Amino acid sequence: MDLPADILSNSDVTLPEPPLPEIFDELSFSDSSEFLEADEEISLRKRLFPQILHGGLVQGGDSDDFGSLDMSLPARAAEQAENIVRKVLEEAENAEQLVRKIWGGAWKVCHFSHLPKWLQDNDFLHKGHRPPLRSFSACFRSIFRIHTETGNIWTHLLGCLLFVGIAAYFLSRPSVLIPWEEKAVFATFFASAIICLGTSSMFHTVSCHSEHIGRLFSKLDYCGIAVLIIGSFVPWLYYGFYCDYQPKVFYFVLVSVLGAASIIVSMWDKFSEPQFRWLRAGVFAGFGLSGVIPAVHYLIVKGFFQAVYHASFGWLCLMGALYLLGAGFYALRVPERFFPGKCDIWFHSHQIFHVLVIAAAFVHYHGISEMAIYRLSMGTCSAEDAPVDFEY
C-alpha cells in the first residue's frame with residue numbers, strides 16, 4: 001500500500017511496533033536480570049523450535065543464538081525417507097514370508113530344469129512348477145497358489161462339483177417323474193463322470209508329493225478315464241437298444257472287457273511316463289472309438305432318420321469329436337510346443353484337454369437326456385421294436 005507523502009517526508013513520525021508473539025509474553029522484560037536461567041532458556045528453545053530440537057538439527061546447544069541449523073537438511077531428509085521406505089519393504093517381505101510359511105509351506109515355484117526327474121513331464125512348460133511337497137496338507141494348500149497345475153486342478157474340480165450337483169438334483173426327483181430304472185441308468189453315468197473328474201483333480205493336486213504317491217494317483221487318474229468311457233456307453237446302449245436285448249447285452253459285455261483291459265494297462269508303472277504319452281492317448285482314444293461299432297449297427301437296423309432324431313446320433317458324434325480333439329491336444333502338446341515358455345501357467349495342452357473332456361461329458365448328458373425322453377414317450381416295446389436275432 002502507498003503511504004501519505006507527509007508521513008514519508010517527516011522523519012520524526014514513529015510507526016507502532018508490531019505485537020510480539022505470545023511466547024514472548026512469558027519473558028519478564030522488567031526483570032533486573034539480563035539473562036535467563038539455563039532451565040528457562042532450554043524450555044524456551046524447545047517451545048520456539050520444537051521441530052529443530054527434536055529432530056536433532058540444532059548444533060551448539062549452549063550457544064547464545066539458539067544454535068545454527070544444519071545446512072545438509074535435504075540430504076538428511078532424503079536419508080530418513082530412504083530408511084522409512086526400506087523398513088516398509090522389509091516389513092512387507094516379512095509379512096509375505098509369514099503368509100507363505102503358514103499357508104503355503106514357504107515354497108516357491110521353480111524352473112523345469114530344477115525338478116526331480118519323476119516330476120519332469122512337459123519340457124515345453126519352463127517356469128511355474130511346484131517343487132516336491134512332502135506333506136498332503138501342503139499339496140492341498142497349493143490348490144490356492146498359481147503354478148502349472150492350477151488350471152488342471154480347478155477345471156476338473158469344478159466339473160466334478162457340477163456333476164455332483166446335477167446328480168443330486170436328478171436323483172432326488174420324485175419317482176413318478178423319473179422312474180427308478182432311469183435313475184439307475186443315469187446314476188451310472190453321473191458316478192463315472194464324478195470318479196473321472198475327481199481322481200483327475202486329486203492326481204494334479206498331490207502329484208508333487210513324492211514319486212510313489214504321484215505314480216499311484218496317476219494310475220487312479222487313468223482308471224478314472226476308463227470308468228468315464230464305460231459309464232458314457234451304458235445309457236446310450238440302454239436307450240439305443242432299449243427293446244433289443246441280445247445286442248444290448250453283447251455290447252455291454254464288449255465295453256466292459258475293453259474297459260477292464262484299459263484299466264489293466266493303466267496299472268503298468270511305465271504307462272504314466274512322458275515317453276508313453278502317445279500310447280496313453282491311443283489306448284483311451286481307441287477305447288472310445290469302439291463306440292463306432294454299436295453306432296453303425298444302430299444305423300443299419302434303425303435307419304439314419306431314427307439315429308439322428310431319436311437316438312441323439314448328432315450329439316454322440318459331437319461328444320466323440322470333443323474327446324478326440326482333446327486327446328490330440330494332449331498328445332501333440334499344442335500350443336506350448338510352438339510357444340515354449342509362453343503357456344506355462346494358462347492355456348497349455350493339458351488344460352485344454354480338461355476343458356474339452358468336461359464339454360464332451362455335458363454334451364453326452366444332453367444327448368442321453370433327449371434319448372430318455374423319446375424312449376419313455378414311446379411306452380412299452382412294440383412289435384416293430386422286436387429284438388434283433390444274432391447267429392453266434
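Oh and the sequence shown: position 279 is 279 in my numbering, straight run, nothing missing.
We put the CB at the ideal spot given by N, CA and C, even for glycine.
Quick caveat, the model's predicted, so the values are computed rather than measured.
Below 7 Å CB to CB, which residues in the same chain sit around residue i once its five sequence neighbours on both sides are set aside?
i: V257; result: none
i: R337; result: F124
i: H366; result: W315
i: G151; result: W346 and Q351
i: V265; result: F271 and V283
i: F140; result: T205
i: V164; result: I194
i: E211; result: W118
i: M267; result: K219
Please state the DSSP three-state secondary structure of residue i.
i: R375; result: helix
i: H129; result: strand
i: C110; result: strand
i: G320; result: helix
i: G367; result: helix
i: N122; result: coil
i: K342; result: coil
i: R76; result: helix
i: A359; result: helix
i: R337; result: coil
i: F305; result: helix
i: E86; result: The sequence shown places Arg at residue 86, not Glu. In the structure shown, R86 sits in a helix (DSSP, three-state: H, G or I).
i: A92; result: helix
i: A327; result: helix
i: A81; result: helix
i: I146; result: coil
i: S312; result: coil
i: E391; result: Summary for E391: the model assigns pLDDT 45, below 50, so the residue's position carries little reliability, and this model does not support an answer.
i: H350; result: helix
i: L332; result: helix
Return the chain-ordered list of same chain residues with a C-beta closer than 6 Å to the C-beta of residue i, the five sequence neighbours on each side being excluded.
i: N188; result: Note on residue identity: the sequence assigns Thr, not Asn, to residue 188. The answer, listed in chain order, is G231 and V234.
i: I153; result: I143, S201, H204 and T205
i: F287; result: I229, L258 and S262
i: G240; result: Y298 and A311
i: T199; result: L220, D221 and G224
i: K117; result: none
i: L318; result: V363
i: P274; result: D121
i: A167; result: F190
i: N360; result: For clarity, residue 360 is Ala in the given sequence; the question names Asn instead. M319, L322 and Y323.
i: Y242; result: R375
i: G326; result: F353, L356 and V357
i: S290; result: L258
Examine chain C for any beta-carbon lying closer than 8 Å to the beta-carbon of residue i, and answer yes or no.
i: I264; result: Among the protein chains of the structure shown there is no chain C, as only one such chain exists.
Starting from residue i and walking both ways along the alpha helix (DSSP H), at which residues does that stretch end?
i: R141; result: F136 to R141
i: A167; result: T150 to L171
i: I300; result: V292 to K302
Please return the same chain residues whose Cβ sits closer than 8 Å to the Cβ of residue i, not counting the five positions on each side in sequence.
i: S207; result: L119, E149, I213, G214, F217 and S218
i: K308; result: Correcting the residue type first, residue 308 is Val in the shown sequence and not Lys. The answer, listed in chain order, is G314.
i: H111; result: H126, K127 and H129
i: M371; result: P235, W236, Y239, G240, H310, A311 and S312
i: L279; result: F271
Any chance you could list the alpha helix (DSSP H) runs of at least 4 consecutive residues sitting entirely within the stretch 176-219, in chain order? 180-206, all fully within the stretch 176-219.
Starting from the N-terminal side, write out each stretch of the alpha helix (DSSP H) that is 4 residues or longer and does not extend beyond the stretch 206-288. Within the stretch 206-288, the complete alpha helix (DSSP H) runs of at least 4 residues are 211-240 and 245-266.
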